[in-house]
Amino acid sequence: MVVNPWDEYSIEEAIRLKEKHGGKVTALSTGPENTREALKQALAIGVDEAILISDEALKASDALATSYTLAKAIQKMGDVDVVVFGKQAIDGDTGLVPGMVARRLGWPALTYTAAITELDAGGKTVKLERLLEEGRQVVSSRLPAVISVVKEINEPRYPSFMGIRKAAKAQIPVWSAADLSLEGDRVGAAGSAVAWPEIYSPPPREGSVEILKGTPQEVAVQLADRLIADKVI
Amino acid sequence: MMANRIWVYLDQFKGRALPASWEAMGVAKSLASAGGESLTAVIFGAGVEGLANEAFSYGAEEVLLADDPSLAEFRPEPYGALLAKLAVEGKPDVILVPASTRGRDLTAIAAVDLETGVIPDAIRLERKDGALHVTRPVYAGKLLSTVVSTDRRPQIISLRSRAFARPEPEAGWTGTVKRVAPAIAENEIVTKVLDYAVSEGQVSLSDASIIVSGGRGVSNNPSLTPPPEIKDEKEKEIWRAHQGFELVRQLAHALGAAVGASRAAVDAGYIPYANQVGQTGKTVSPDLYIACGISGAIQHQAGMRNSKLIVAINKDAEAPIFNLARYGIVGDLYQYLPALTAEFRKRLGK
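Line by line, the protein sequences are chains A and B. In terms of the numbering used here, the first sequence is numbered consecutively and its last residue is 299. In terms of the numbering used here, the second sequence is numbered consecutively and its last residue is 430.
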């Protein structure tokens, strides 16, 4: 079990926010017992503490059920100003959980963030740039907030030697469904609105490559002929 | 009992509907006509009445229109809350949404309000025994998954851009426009959009029918001599890469294409992250993908393997990109790209 690659950016950004504005960074994850390894990695990179939410009852949770679990955990933690998420998980790739958690908490959803330009923890305001299809959008909003980040936001640091030693010794508390007072019909398969009965490999691409040969001009003519015949230009 | 309504949320930017919005209308129309269901288009924005007529021409029978200054810019909370409120009243069975960044936020918020599910990034949709079976890529496109909704309704499904055919509009059709009010007042919305730095004149990667991408190989021209004021080796490399990407851009311009890049090129600082195609960048499915100086690592393939036709230009005949390509050019892109640009300009008159 490793940290989801997209979450390396959220861990880094959370640590940078702490370095700049003070406070404490907690890594929170939900999954089976071996998720602990990913949380140790987060501790080695530099978060202050980690909490694992793990329970048989949470198995097969979809984004809707996962967001319920995470929102309850964030509420239990109490005094949280910012929740930083990676853009999406590297398996399901849904990218839905940040927005859903924000909605459950009643906090603004600030997704696809490429830069946090201002953060005023006292005044509870934040200004940031979001990366959308059409370009960069500058928004201001209120804290507490849920922020999901894209790769452009930072360059994640590596675990330090001291960090690895600290992580090895760290205790990671485990919160169960009962600890969070989760309702049984809102988590796991029963609490999920979608199911994915089948996962399979995509069919291989058919045909093999035709290598075009000749001078650049000759190759250009050949390629243009073919692409026009194939109706792609 | 099966509800009998299909809704399509039309994603728009500055009053113009995304092509993926009409692709969703096409999917909805064929579902609705096969199942005898009604088809409603949902339009939110400011000054977007004109989109209603467009929606009718793509097959909508009814339009739910919220036209209000507070909806001028997409924001997750007012848009998501309004869609959920309308769905509680109108009880659609299915809501189709383009899988854009806005679509993702919208569906997340609305789904929580409705306590229902979202199936994002559909690339195929089939109805079997009354249930919708949705195919979507997982593990960054390396695998596919079939997803079904449990008994919760509505089923919210977002559709990946260019995965479905874009229908032709038919003039002369009309329907009913039902005007609706926003769900949240401006003074209760905490997020404010201050500015928009739109990349003018650039084709969006996810909508592009042709993409020309550059990789690490674009900096690989030793015969180019950087100006003497550039002393640093890294800066020399970036200078060379910029000359290479200029050739990529010229070819893209000749083809009316968007410019993409591999992770290696982005990480080396040749081109911004917004252009990155692949596992940690954008997933694209153009008709034509031209990979220039890209070796084709599995992470890059994950983002572009669904392109209809792939052309690869690479010095290394063993590069994995040639396994995906229909046409290959083994050689120096500095020689071949200008020849291709000139030929396409001639043929296409651009």
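Ideal Cβ placement from N, Cα and C applies to all residues, glycine included.
P178/B sits in a strand when the DSSP states are folded into three classes.
A residue is called buried once 16 or more other Cβ atoms fall within 10 Å of its Cβ, and E78/A is buried on that count. Counting only the Cα atoms, S214/A lies some 11 Å from I182/A. Proximity to A265/B across K258/B, L162/B, R320/B peaks at L162/B, based on C-alpha coordinates.
Closest in C-alpha terms to L224/B, from the list R232/B, L389/B, H213/B, D231/B, comes H213/B. Judged by DSSP secondary structure, R233/B falls outside any beta strand (DSSP E); it is assigned neither H nor E. Between the beta-carbon of I401/B and that of G376/B there is about 3 Å, and that keeps the pair under the 8 Å contact cut.
Under a criterion of Cβ atoms nearer than 7 Å, no residue of chain B is adjacent to I77/A; the nearest Cβ is some 15 Å distant. With contacts defined as CB atoms closer than 9 Å, A286/A and Y416/B qualify as a contacting pair. Around the C-beta of Q381/B, 16 or more other C-beta atoms lie within 10 Å, and the residue is accordingly described as buried.
Scanning its chain for C-beta atoms nearer than 7 Å, with the 5 sequence neighbours on each side dropped, one finds around R329/B the residues V339, in chain order. Residues of the stretch 339-371 of chain B with a C-beta atom less than 7 Å from some C-beta of chain A are Y353, A354, T360, D367, L368, listed in chain order.
By the CB criterion at 9 Å, K222/B and S267/A fall inside the cutoff. In summary, no residue of the stretch 241-262 of chain B has a CB separated from any CB of chain A by less than 8 Å. Contact between the stretch 165-177 of chain B and the stretch 286-299 of chain B is not established, with fewer than three Cβ pairs separated by less than 8 Å. Your pair A245/B and G106/B checks out as a contact, with CB atoms roughly 6 Å apart and the cut at 8 Å. Contact annotation: the stretch 288-299 of chain A does not touch the stretch 111-130 of chain B, with fewer than three C-beta pairs closer than 8 Å. Taking a beta-carbon distance threshold of 9 Å, L197/A counts as an interface residue toward chain B.
Contact between the stretch 221-231 of chain A and the stretch 154-164 of chain A is absent: fewer than three C-beta pairs spanning the two stretches fall below 8 Å. The Cβ-Cβ distance between G197/B and V260/A falls below 9 Å.
Membership of V163/A in the alpha helix (DSSP H) is indicated by the continuous run 163-171. Here I189/B is near E157/B, since their CB atoms are less than 9 Å apart.
At the C-beta level, L248/A and Y75/A stay beyond 9 Å of one another.
Here DSSP, grouped into helix, strand and coil, assigns Q356/B to strand. About 13 Å separates the Cβ atoms of L186/B and A104/B, ruling out a contact at the 8 Å cut-off. Interface residue (Cβ-Cβ distance to chain B less than 9 Å): P222/A is not classified as such. Taking a Cβ-Cβ cut-off of 7 Å, the neighbours of L335/B in chain A comprise I299, given in sequence order.
DSSP places Q203/A in the strand class (E or B) of the three-state scheme. Sorting E248/B, R184/B, T230/B, V270/B by C-alpha distance to the C-alpha of L198/A places R184/B at the top.
The Cβ of G254/A sits no closer than 9 Å to any Cβ of chain B.
Using a CB distance cut-off of 9 Å, L176/A counts as an interface residue toward chain B.
A Cβ-Cβ distance of about 57 Å is found for the pair K395/B and G255/B, leaving them out of contact under the 8 Å criterion. Shown in chain order are the members of the stretch 240-270 of chain A whose Cβ falls below 7 Å from a Cβ of chain B: S258, A259, V260, A261, W262, P263, E264, I265, Y266, S267, P268.
Taking the Cβ atoms as the reference, L171/A lies roughly 6 Å from I140/A, within the contact range of under 8 Å.
Interface residue (Cβ-Cβ distance to chain B less than 9 Å): M143/A is not classified as such. Excluding sequence positions up to five before and after A116/A, its CB lies within less than 8 Å of the CB of T92, A93, L94, S95, L105, K106, A108, L109, A236, I238, all in the same chain and listed in chain order.
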